[in-house]
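Quick notes on the structure that follows.
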Amino acid sequence: MVILSGVTLCAFMAKPFLGALVWSTTLAVLFAPLDLAISKRLRSRSLSALITTMVTACIVVVPAILIAGTLLNEAVRSAALVVPMFDSDDWMRFVGEHPWLAPALQWIHDKVDFPDVMRTATSALATWSGSALRASFSGVANLLLTFYFLFYLLRDREQITEAAQLHLPLSEPEFSQLTRRVIDTIFATVFGTVAVAALQGGLGGLMFWWLGLPAPVFWGVLMAFLAIVPFLGAFVIWAPAAVFLALSGAYTSAIVLTIWGTLVVGLVDNVVYPILVGNKLRMHTVLSFIAVVGGLVLLGAPGVVLGPLLLAVTLTLVQIWRDRAAAIAAPPKQRDPVQCP
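According to our numbering, the sequence shown is numbered sequentially starting from 1.
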């Protein structure tokens with residue numbers, strides 16, 4: 001009871017640092033090969049961990065800051081461009097050009113006040129930008145904690161691994177099985193899910209830019225976020241855009257966007273994902289959906305990694321328990337009779 005109470009209190013104390021711990025652990029696993037290569041040359045664990053942490057910061061933080069700033073600016077600018085598209089005169093002209101869609105379009109127009117929706121969205125974006133500025137101190141603190149933890153996770157990874165193996169009631173083969181599953185899941189989640197989603201969003205945003213559609217960066221980032229979630233994907237964005245282009249009379253652009261979205265953006269998941277992941281994730285699509293979406297709902301942004309990781313660890317522990325039960329239930333091997341000379 002005392003041990004359980006202590007573990008519970010430790011969990012509550014670590015809760016404020018959950019995001020930093022998840023991201024630092026993820027980065028430590030991803031950049032461990034780089035740190036190992038540097039440490040072999042420098043013969044100093046502290047210096048190699050410091051260099052790896054700085055390289056990781058340059059790779060991760062700088063692009064994220066640039067994308068976030070561009071995304072916010074383009075979202076606010078594009079909202080102002082989209083509002084006039086739903087003015088009453090333009091909408092009625094659009095309905096008149098497509099009489100076969102008139103009942104559905106008129107019903108949508110009566111039920112949804114698009115100008116008011118867009119004005120609300122623009123105001124929300126402005127409010128969000130102010131909130132983001134106010135929360136920047138918290139974000140910077142969380143970022144600094146992430147790289148603070150990353151440095152020690154890289155420098156002391158052997159000691160951390162030995163301590164975990166010592167305190168977990170697992171044999172050495174079982175601990176190796178669990179460790180391998182954790183590493184494979186992190187690699188599969190980041191490279192297989194996040195990297196492929198970023199590639200799909202980039203390709204989709206590139207085509208939006210080439211076709212002259214508004215806010216290509218905004219829609220590209222949104223496609224990337226949707227591509228992370230199983231069963232959804234970038235088509236949730238580009239398919240309605242293609243329909244809109246076709247209804248507007250831009251049939252060539254609609255066909256180009258449809259072909260690009262189907263053959264390029266859509267097939268990236270089927271071609272690149274197996275190359276990056278292989279069979280590392282070893283998780284059914286339904287379970288992957290539950291892990292990612294459930295992790296996002298329960299834990300926020302860290303749940304993208306922590307959700308699949310928790311599920312993978314649980315499944316591995318269940319498999320270890322089943323192997324132990326099967327070994328106990330198996331009949332003992334019979335010895336060969338001793339031959340008397």
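Here a beta-carbon is modelled for each residue, glycine too, at the ideal position from N, C-alpha and C.
Remember, predicted model here, so these are calculated numbers, not experimental data.
Distance from the CA atom of Gly-201 to the CA atom of Ala-330, rounded to whole angstroms, is 52 Å. The DSSP-derived three-state label of Asp-184 is helix. Around the C-beta of Val-292, 16 or more other C-beta atoms lie within 10 Å, and the residue is accordingly described as buried. Within the same chain, and ignoring the five residues on either side of Ile-320 in sequence, the residues whose Cβ sits closer than 8 Å to its Cβ are Leu-170, Glu-174, Gln-177 and Leu-178. Taking 8 Å as the cut-off, the Cβ atoms of Thr-52 and Ile-38 count as close. Counting only the Cα atoms, Leu-311 lies some 24 Å from Gly-6. Taking the Cα positions, Pro-240 is about 39 Å away from Leu-315. When the five nearest sequence neighbours on each side are left out, the beta carbons in the same chain lying within less than 7 Å of the beta carbon of Val-22 are those of Pro-302, Val-305 and Leu-306, in order along the chain. Rounded to whole angstroms, the gap between the alpha carbons of Lys-15 and Leu-34 is 29 Å. Annotated as proximal: Ser-24 and Leu-150, with beta-carbon spacing under 8 Å.
By alpha-carbon distance to Pro-308, the top candidate from Gly-249, Ala-242 and Val-286 is Val-286. Taking a C-beta distance under 8 Å as the contact criterion, Leu-226 and Val-236 qualify as a contact pair. Remark: fewer than three beta-carbon pairs, one from each stretch, lie closer than 8 Å, so the region 151-168 and the region 180-192 are not flagged as touching. In the structure shown, the three-state DSSP call for Val-229 is coil. The C-beta distance from Thr-258 to Ala-242 rounds to 5 Å, short enough to fall under 8 Å.
Counting every other CB atom within 10 Å of its CB across the protein chains shown gives Trp-238 a total of 16 or more, marking it as buried. Contact between Leu-213 and Val-268 does not hold, since the beta-carbon distance rounds to 20 Å and is not under 8 Å. In the structure shown, Phe-191 falls within a helical segment according to DSSP collapsed to helix, strand and coil. Only residues of its own chain outside the window of five on either side were considered, and among them Asp-35, Ile-38, Ser-39 and Leu-42 have a CB closer than 6 Å to the CB of Ser-48, listed in chain order. Annotation for Val-29: Val-182, Ile-183, Ile-186 and Phe-187 place their beta carbon closer than 8 Å to its own, counting only its chain and skipping 5 residues before and after. Counting along the chain, Thr-252 sits inside the alpha helix (DSSP H) bounded by residues 251-259. Counting only the Cα atoms, Tyr-273 lies some 5 Å from Gly-192.
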